[in-house]
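Some notes on the structure that comes next.
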Amino acid sequence: MVDFSLSVREEGNVVIIETTGYLNNVGGEKVSEACYEKMGGGKKYFLLNLENSKVVNSIGVSILIEIIEKLQDVDGKLGYYNLAPIVEKTFNIMGLTKYSTVYYSEAEGLDGMT
Amino acid sequence: MSPKKTPKVELTLPIIPDMELAATQTAEVIAKHMGLSEEKSAEIGMALIEATINAFEHSESDSGNVEIHFVIQDDSLVIKVTDKGKGFDPTKVKIPKIEEKLGSDHKRGWGLQLVQELMDTVEFESSPEGTTVTMTKKK
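Chains as they are written, first to last, in this note's numbering: chain W, 56 to 169; chain F, 2 to 140.
Structural data, given as structure tokens:
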């Protein structure tokens, strides 16, 4: 099993999740668990820093679609930054960028979230 | 003078979680050898992840293995992903749309779409004895 880890912090009302490793089914589930736990506490703005997750698969990305769906219910937002070009291309092909936003820095993401 | 041999690389991957990464690492080395751009190399890697996972998950192969053949040609890289599973009808695979996935219980099913978008050509040969997906990336 490939290692995957994440860290969670908050900047104002935005939750920032920084991932490390292959964003597959296991990684996607860990991201969703972290999001849902924070959503349970009333948070609804999430930024994923994918700088250290340069390899993804469509199963992991499908779990992000599930997070988008849940955030739509609470008028929340999901954004990403530091994406490898192939990850951004994958998000475009799968249509994630219609319902969530790719930013090019944390500062831009924080501005765009609020 | 004997004709130039076409270089080939062959991998046999056991169906074990994350073993698709062994295929992408091999593809990266081959892409570098061929002088492909980083963008093309990454597209090949992503397509290979998806094709290999599809073979792992859907073939229900008794052999427990997936075969991957890389054929290095002057103007392109040809990759064949073969399983000895039950086969499928590619014409019956629905093109996924995120609008339909949102609100649906089935969020997955993006593999073939990604392979087709990321590679230059994709062909399927499938029968009850197995499936071969042949993907090409031009230089």
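For every residue, glycine included, the Cβ atom is placed at its ideal position computed from N, Cα and C.
These numbers come from a predicted model, not from an experiment.
Item                                                                                         : Value
Short CB-CB distance (under 7 Å) between VAL57/W and chain F                                 : yes
Under the three-state DSSP convention, the category GLY83/W falls into                       : helix
ARG109/F - partner residues in DSSP beta bridges                                             : DSSP output for ARG109/F lists no bridge partner at all.
Nearest-angstrom Cβ-Cβ length linking GLY65/F and GLY131/F, presumed shorter than 8 Å        : 13 Å between Cβ atoms; not a contact.
Beta-carbon separation (whole angstroms), SER62/F vs ASP76/F, contact threshold 8 Å          : Not confirmed; about 32 Å, so no contact.
Rounded separation between ILE71/W and ALA162/W - CA only                                    : 11 Å
Collapsed DSSP secondary structure at PHE89/F in the structure displayed                     : coil
Residue(s) in a DSSP beta bridge with PHE101/W                                               : VAL70/W, LEU133/W
7 Å Cβ cutoff, MET47/F in contact with chain W                                               : yes
Cβ shell of ILE96/F (< 8 Å), same chain only, five flanking positions each side left out     : GLN114
CB-CB length for LEU103/W against THR145/W, believed under 8 Å                               : That belief does not hold up - the Cβ atoms of LEU103/W and THR145/W are roughly 14 Å apart, past 8 Å.
Limits of the unbroken beta strand (DSSP E) element including MET136/F                       : 131-139
With 16 other Cβ atoms within 10 Å as the buried cut-off, status of SER58/F                  : Looking at the sequence itself, residue 58/F is Glu, so the reference to Ser does not match. So GLU58/F counts as exposed.
Own chain residues within Cβ distance below 8 Å of THR7/F, not counting five before or after : VAL72, ILE73, GLN74
Per-residue contacts from LYS50/F into chain W (C-beta, under 8 Å)                           : A small correction: the amino acid at residue 50/F is Ile; Lys does not occupy that position in the sequence shown. The contacting residues are VAL110, ASN112.
Below-7 Å beta-carbon distance, GLY150/W vs any chain F residue                              : yes
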